[in-house]
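Since the structure comes first, as structure tokens, the remarks are kept for the end.
Chains as they are written, first to last, in my numbering: chain A, 269 to 465; chain B, 269 to 465.
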């Protein structure tokens, strides 16, 4: 399989982390997240959103959206519960991540990495939204070792990806102790790889 | 079951539409989308994101995120394909909706409904993002009757919810003819209900 990938992207990292833990082999092709001028040419036929990660299967079919990709490959493995309600809870966290977490924390981090200096009001809105997401996550983790079913699943992979690099976006994780211990639990899972590995 | 609901919310409407088509009975409790001061009290124990829709099952467990709810209830029905790759494609469109479509089209519509008058640059950013999402949707529907598997699924429900009211957010759908005919196909499905029904 071929993964259109960016080393710095937490969304791409979710796929790389699950694939490492499942022992899935694949090729990586790096796509710039700064210069997007060739996106339509590169991804137009594969992903309507023109984003990475985009995965091309061996039979030529393509799949996009990080959380859809990890859900697909986790089905039937230990990384996705068999119980129907628990699977729905996994999806709840993954949709929370894409709507209430990623647009704040990942974007604030991207601005710093790309050297973009937005108006203070926009920076402040990203901080406010990101803090709200981290508070919600921390509150849940005060009473749970993992996000769903008390075991490591793709919900943890999905939320770990941008949470563990949130300090690169200016978010201080010391205010969220339950997140801190959860991060160490995620990192201790067999075959864990880092975002820069 | 009890649905914490807002009549104007397209996210809530997704759940109401699927439940109508599945013949599922439930109660609705209206939550204001303008005055959010009681959200923590009302939803704090049920949904970390404090948003509607939030669903409380008969056994007291709760489930949130519109697309997680409709995925859960569609499993095993005609509204979600059995084929594993097609289910992943459904999820791809639902994540596309929450990341690349709803934050632009639904928010622009909400501002109008709530009488909020944001800075022109913000309005323009919403228009630009919404048009990009509609272009991606239209391009796909030029070659397909429905979003996935050439039949009506929850991917169509998920994208229909805010697309059909996009004009209320200032988006002109006449520029997207393939979307127009797809909307009529969705409306023609058995047991369809409108957002105000």
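A virtual CB, placed ideally from N, CA and C, is assigned to each residue, including glycine. This structure is a prediction, so every number in the text was calculated from the model and none was measured.
- If you keep only unbroken alpha helix (DSSP H) runs of at least 4 residues inside the stretch 402–446 of chain B, you get 422–431.
- Within the same chain, 394 come within 7 Å of residue 375/B by CB-CB distance, once the 5 residues on both sides are set aside.
- Around residue 272/B, the same chain offers 297, 299, 320 and 322 as residues with beta carbons nearer than 6 Å, after the five sequence neighbours per side are excluded.
- One alpha carbon belongs to residue 453/A, the other to residue 413/A, and they sit about 8 Å apart.
- For the stretch 336–349 of chain A, residues whose beta-carbon sits nearer than 8 Å to a beta-carbon of chain B comprise 336, 337, 339, 340 and 343.
- Assignment of beta-bridge partners to residue 330/A by DSSP yields 324/A.
- For the pair residue 463/A and residue 281/A, the CB atoms are nearer than the 8 Å cut-off.
- When DSSP reads this structure, residue 296/B sits in a beta bridge with 271/B.
- Contact of residue 329/B with chain A is assigned, a C-beta pair being separated by under 8 Å.
- Distances from the alpha-carbon of residue 444/B to those of 416/B, 406/B, 288/B and 424/B put 406/B closest.
- Residue 319/B carries a coil assignment under DSSP once its states are collapsed to helix, strand and coil.
- If you draw a straight line from the Cα of residue 312/B to the Cα of residue 302/A, it comes to about 39 Å.
- When DSSP states are grouped into helix, strand and coil, residue 373/A belongs to the helix group.
- Around the Cβ of residue 459/B, a 10 Å sphere holds fewer than 16 other Cβ atoms; the residue is exposed.
- Within the same chain, 282, 335, 338, 361, 362 and 365 come within 7 Å of residue 426/B by CB-CB distance, once the 5 residues on both sides are set aside.
- Legend: CB atoms of the stretch 372–385 of chain A lying less than 7 Å from CB atoms of chain B are not found in any residue.
- Taking 4 residues as the shortest admissible run, the stretch 374–401 of chain A contains no complete alpha helix (DSSP H) segment at all.
- Neighbours of residue 408/B across chain A, judged by C-beta separation under 9 Å: 316.
- Per the coordinates, the alpha-carbon of residue 294/B lies some 46 Å from the alpha-carbon of residue 310/A.
- Chain B has a Cβ within less than 8 Å of the Cβ of residue 366/A.
- DSSP places residue 352/A in the uninterrupted alpha helix (DSSP H) bounded by 352–364.
- In the three-state reduction of the DSSP assignment, residue 276/B falls in the coil class, being assigned neither a helical nor a strand state.
- For residue 308/B, the uninterrupted alpha helix (DSSP H) segment begins and ends at 307–311.
- Taking residue 440/A as reference, the option from 396/A, 457/A, 410/A and 455/A with the minimal CA-CA separation is 396/A.
- Scanning chain A for C-beta atoms nearer than 7 Å to the C-beta of residue 360/B yields 331, 332, 333 and 336, reported in chain order.
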